[in-house]
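Residue numbering for the sequence shown follows our numbering, beginning at 1299 and increasing consecutively.
Written below as structure tokens is the structure these notes are about.
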Amino acid sequence: MSLLEGLLWLTLNVYHEARSEPQIGQIAVAHVTLNRATEKGLPIKEVVQQPHQFSWTLQKDSYLPEDPKAFLMCMRSVYLALQASDYTQGATHFHLDSVEPKWTSEYTFLDQYGSHKFYKYK
1299 MSLLEGLLWL TLNVYHEARS EPQIGQIAVA HVTLNRATEK GLPIKEVVQQ PHQFSWTLQK
1359 DSYLPEDPKA FLMCMRSVYL ALQASDYTQG ATHFHLDSVE PKWTSEYTFL DQYGSHKFYK
1419 YK
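The structure is reproduced here in structure tokens:
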């Protein structure tokens, strides 16, 4: 996989999961994706496309961004995530604060950025 393909999939993941979030939340979602790729030794595209990991991959007929301005903002957040240290403390999972998935009992809550709560495995 090329570097460009990895950046595209990372940006698509941030866009579809967090485009309406503040930049700190978008960067946190990028870190989750990067942390999973590092932890599993997989390319970003494979991490994003793993079944039942990121909700947007289950719901989309098309992965193409519908809001170019939001996509560019997410691209900027990805750039910043790649330049900055991981302030999520190694988070590998997140969910909206309006739900409480069963899987959270097996994970340590780390912090909340925007409307997403971030976790890592205990």
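Even glycine gets a Cβ: it sits at the ideal position worked out from N, Cα and C.
Quantities reported herein were computed from a predicted structural model and do not represent experimental measurements.
### Query
Among Thr-1406, Glu-1398 and Trp-1307, which one has its Cα closest to the Cα of Leu-1362?
Trp-1307
Host alpha helix (DSSP H) of Tyr-1377 (start-end): 1366 to 1381
DSSP three-state label for Tyr-1419, please.
strand
Q | Candidates Leu-1370, Glu-1404, Val-1312 and Val-1327, of which the one nearest Trp-1392 by Cα | A | Reading the sequence as shown, one finds Phe at residue 1392 and not Trp. Comparing Cα positions, the closest option is Val-1327.
Any chance the stretch 1392 to 1407 sits against the stretch 1370 to 1378, with 3 or more Cβ pairs inside 8 Å? no
Which of helix, strand or coil DSSP assigns to Gln-1351: coil
Q: Check Tyr-1385 in the structure and name its three-state DSSP category.
A: coil
Original post:
Any idea what DSSP makes of Tyr-1405, helix, strand or coil?
Top reply: strand
Measuring straight from C-alpha to C-alpha, what distance separates Ser-1300 and Pro-1349?
22 Å
* Asked: Which of the three DSSP states, helix, strand or coil, is assigned to Tyr-1411?
  -> strand
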